[in-house]
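One structure below.
Okay, structure coming up:
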C-alpha cells in the first residue's frame, strides 16, 4: 500500500475567495509561469526517515482530494471500488441518464412557453442544468480516478492528511508509473517544465532531491493547477501532431497535394476516446511511419510553431465542466474545509522529490482530463467555455 511519510506543519484551507480566483484559471488560461517560480533551497540534508516520526497517509480506497457530491458520482465511486469491471458501462449509463433528464427538462420548458407555468418550468430547467453539470463533473472525476488506478497510482489526498512536524514528503514517489504514460518526446517537454517551475534537474543526486526546500502554499497550488493545464495542452498538441503526420502520409500515398483537405476525424481521434484507450498510453498514440515522406518534425519544434489561435485552442479546456474540475480538484488538494484559514504566504517545507511528484501527478491529471472530456462529450454534450 502507498503511504506518505511526512513531517509537515499545520496546513489548512483558504477561503474560496482566496483559492479559486487566486489560481487565475479563468482570467489567464496559461501554464507558462512568468518569473522565477522555483522554490528556495536550504542546505539541510535529507531527513533521517528511520529516526523521524512517520504518519501513514492512507492512499487506499477512494481517498482522492475531491469527494463526489452527486448521486451519480457516489454510485460510480462504489462501482469503481467494488465492481471495477463494470465501471465503464456504469459511467456511460449515468451519462445517458443525465443527458435524458436535462433534455426532458428543456423540452418541458419549451412546451410551456406562453403559458402561466413558463416561469416555473424555466426555473426547473435551470436547476436541472446545474444539477446535471455537477453530476457530470463527478463522472469526469471518477473517469480520471480510474485512469490513475489503471497505472497503480493513487492521487495524493488532501494535504491536511499528510502533514506532520513541519515537513511534507510524498512516498513512494511513483515517478516511473507517472512518466510511463507519456511518449519520449512529451516526457522531454515535461522534464523542461519541471526544471522551470520547481528547479528539478535530471542529473541531480539523492541528497539534492531530498534536501529541504521551502515554497509558499499558494505558489505550489498555482504550480499544480498550471501543470494540469500543461498536461492537457501536451495531450491536445501531441494528438494534433500525430493526426497531421498521418494526414500528410495519406496524402502522399494517394498522390494528393499537401494542401488538399481530408477529414481528420477519419484518422481516429474519436477512436481514442476514453473508453477505447484503457490499454494504451495516455499521451503517446503509437509510432508513425515517415519512410515515404520527409522526416517527422519533432513535437517540441511543432509546438513552438503554433500561432496564438492554435496555441489557445490546444491549451484551453474546451468545456466549462473541465475548467470547473481543475479548480475544484486543485483547491480540494491544498486546503481543508475543517480547518481555519492560513495566510497565502505560508511557507511549506518539503523536498524537490515531493514537488516533482506533485507536478508529474498534475500533468497526468491534465492528460486524463482530456481523455475524460473527449469521451463524456460523445454521450453528454458539455458546455463550451
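In our numbering, the protein residues as written are 210 to 594.
All C-beta atoms in this analysis are idealised placements derived from N, C-alpha and C, irrespective of residue type, glycine included.
Local conformation of residue i per DSSP, three classes
{"i": "residue 310", "result": "helix"}
{"i": "residue 558", "result": "strand"}
{"i": "residue 423", "result": "strand"}
{"i": "residue 347", "result": "helix"}
{"i": "residue 412", "result": "coil"}
{"i": "residue 583", "result": "helix"}
Bounding residues of the alpha helix (DSSP H) (the contiguous stretch that carries residue i)
{"i": "residue 379", "result": "Neither: residue 379 is in no alpha helix (DSSP H) and is coded neither H nor E."}
{"i": "residue 530", "result": "529-543"}
{"i": "residue 291", "result": "280-291"}
{"i": "residue 592", "result": "Here residue 592 belongs to no alpha helix (DSSP H), and DSSP marks it neither H nor E."}
{"i": "residue 404", "result": "393-407"}
{"i": "residue 509", "result": "508-513"}
{"i": "residue 519", "result": "517-524"}
Rounded Cβ spacing between residue i and residue j (contact assumed at less than 8 Å)
{"i": "residue 538", "j": "residue 289", "result": "Contact flag wrong, Cβ pair sits at about 17 Å."}
{"i": "residue 364", "j": "residue 273", "result": "5 Å"}
{"i": "residue 345", "j": "residue 425", "result": "Their Cβ separation, rounded to whole angstroms, is 33 Å, which puts residue 345 and residue 425 out of contact at 8 Å."}
{"i": "residue 421", "j": "residue 560", "result": "7 Å"}
{"i": "residue 588", "j": "residue 304", "result": "4 Å"}
{"i": "residue 436", "j": "residue 571", "result": "4 Å"}
{"i": "residue 438", "j": "residue 524", "result": "6 Å"}
Buried or exposed by the 16-neighbour rule on C-beta atoms within 10 Å, applied to residue i
{"i": "residue 442", "result": "buried"}
{"i": "residue 252", "result": "For residue 252, the predicted structure reports a pLDDT of 39, less than 50, and the residue's modelled location is therefore unreliable. The matter cannot be settled from this model."}
{"i": "residue 162", "result": "Outside the displayed span of the chain (210 to 594) sits residue 162, for which this structure offers no information."}
{"i": "residue 393", "result": "exposed"}
{"i": "residue 282", "result": "buried"}
{"i": "residue 432", "result": "buried"}
{"i": "residue 399", "result": "buried"}
{"i": "residue 412", "result": "exposed"}
{"i": "residue 517", "result": "exposed"}
{"i": "residue 280", "result": "exposed"}
{"i": "residue 580", "result": "buried"}
Spatial distance of residue i from residue j (CA atoms)
{"i": "residue 448", "j": "residue 284", "result": "32 Å"}
{"i": "residue 352", "j": "residue 444", "result": "16 Å"}
{"i": "residue 371", "j": "residue 377", "result": "7 Å"}
{"i": "residue 410", "j": "residue 586", "result": "38 Å"}
{"i": "residue 566", "j": "residue 385", "result": "10 Å"}
{"i": "residue 391", "j": "residue 326", "result": "54 Å"}
{"i": "residue 324", "j": "residue 318", "result": "10 Å"}
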